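By the working numbering, the letter at position 3 of the sequence shown is numbered 3, and the numbering carries on one by one without gaps.
We put the beta carbon where it would ideally sit given N, CA and C, even for glycine.
Predicted, not measured: the structure shown is a model, and the values here were computed from it.
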Amino acid sequence: MEKLVIYGGQFNPIHIGHMLVASESYHFIQPDEFIFLPSYQSPLKEHNDAYLIESERVNMLELAIEDLQFGVVDKREIDRKGTSYTFDTIKEFQSEYPNYQIYFVIGSDQYENLNKWKNIEELKNMLTFVVVNREVDTQDVHEGMLALHIPRIDISSTDIRNRSKNRQSIKMLVTPRIETYIKRGRLYEN
Ligand SMILES: Nc1ncnc2c1ncn2[C@@H]1O[C@H](COP(=O)(O)OP(=O)(O)OP(=O)(O)O)[C@@H](O)[C@H]1O
Ligand SMILES: O=C(O)c1ccc[n+]([C@@H]2O[C@H](COP(=O)([O-])O)[C@@H](O)[C@H]2O)c1
């Protein structure tokens with residue numbers, strides 16, 4: 001059976017932590033397709049319009065993909081608008097990729113939240129969660145899920161936005177080209 005890995009998130013912006021998660025899961029699963037799925041509005045996060053610049057988030061994902069040398073961006077959640085429930089999105093992928101085993105990558109924080117996800121029991125039967133340690137050294141998972149341990153990089157998009165706002169360095173926390181993109185566009189500065 002062919003394999004499809006989906007990595008969803010707000011990616012506001014994509015940082016080195018995300019890129020290591022993507023790279024390690026790509027090399028671990030060795031999928032036929034790897035999709036970055038930027039959400040319009042992640043269900044369990046505050047919606048702050050000032051920070052949700054869809055085209056900029058997608059452009060930065062494209063820059064990251066050029067460096068990673070794998071993956072594509074799928075914009076369906078952005079185009080759909082509203083709350084980006086993974087269940088709704090995976091239903092679509094299931095019919096578009098009928099012969100694929102679907103994997104969905106999440107960090108420890110989302111793993112702890114899984115009981116709050118829409119239709120989670122049904123969703124668990126539709127895909128395999130790949131759970132990556134975030135801000136913890138090891139990660140146990142429920143039966144039927146895969147645990148992937150990676151070197152910890154304890155950074156978040158919130159850190160990058162706060163640093164940009166305070167005119168502090170974001171060097172090495174995002175790639176050089178994304179750093180330039182954020183600075184030139186004065187993203188997150190106010
Ligand atoms: N540094 C990291 N290490 C491991 N997993 C991460 C890391 N950063 C994000 N993730 C995971 O990537 C997915 C998408 O994260 P998201 O785009 O919301 O980033 P974030 O840094 O948590 O954002 P924000 O700070 O804006 O809330 C989530 O499943 C999250 O757990
Ligand atoms: O479907 C849900 O109920 C649900 C709840 C929380 C998060 N998600 C998805 O999980 C991914 C990571 O979410 P976040 O909030 O860390 O960006 C992203 O694709 C979200 O749409 C999905």
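For residue j and residue i, the rounded distance between their alpha carbons
| i | j | result |
| --- | --- | --- |
| Asn39 | Gln10 | It should be pointed out that residue 39 corresponds to Ser in this sequence rather than to Asn. Cα to Cα, Ser39 sits roughly 5 Å from Gln10. |
| Phe129 | Arg76 | 20 Å |
| Tyr26 | Leu63 | 17 Å |
| Glu24 | Leu44 | 25 Å |
| Gln168 | Arg161 | 10 Å |
Local Cβ density within 10 Å of residue i, reported as buried at 16 or more and exposed below that
| i | result |
| --- | --- |
| Thr89 | buried |
| Leu127 | buried |
| Asn12 | buried |
| Arg57 | buried |
| Met145 | buried |
| Gly8 | buried |
| Thr175 | buried |
8 Å CB neighbourhood of residue i in its chain, flanking five on each side removed
| i | result |
| --- | --- |
| Met1 | Asn99, Tyr100, Gln101 |
Bridge partner(s) assigned by DSSP for residue i
| i | result |
| --- | --- |
| Thr128 | Tyr103 |
| Lys171 | Val174 |
| Lys3 | Gln101 |
Cutoff 7 Å; reference residue i; Cβ partners in own chain excluding five residues on either side
| i | result |
| --- | --- |
| Phe34 | Val5, Tyr26, Phe70, Gly71 |
| Ser164 | Ile170, Ile182, Leu187, Tyr188, Glu189 |
| Thr83 | Gln41, Pro43 |
Own chain residues within Cβ distance below 6 Å of residue i, not counting five before or after
| i | result |
| --- | --- |
| Asn119 | Phe87 |
Of all the alpha helix (DSSP H) runs that stay within the bounds of the stretch 12 to 85, which reach a length of 4 or more residues? Listed in chain order, they are 16 to 29, 54 to 68, 76 to 80.
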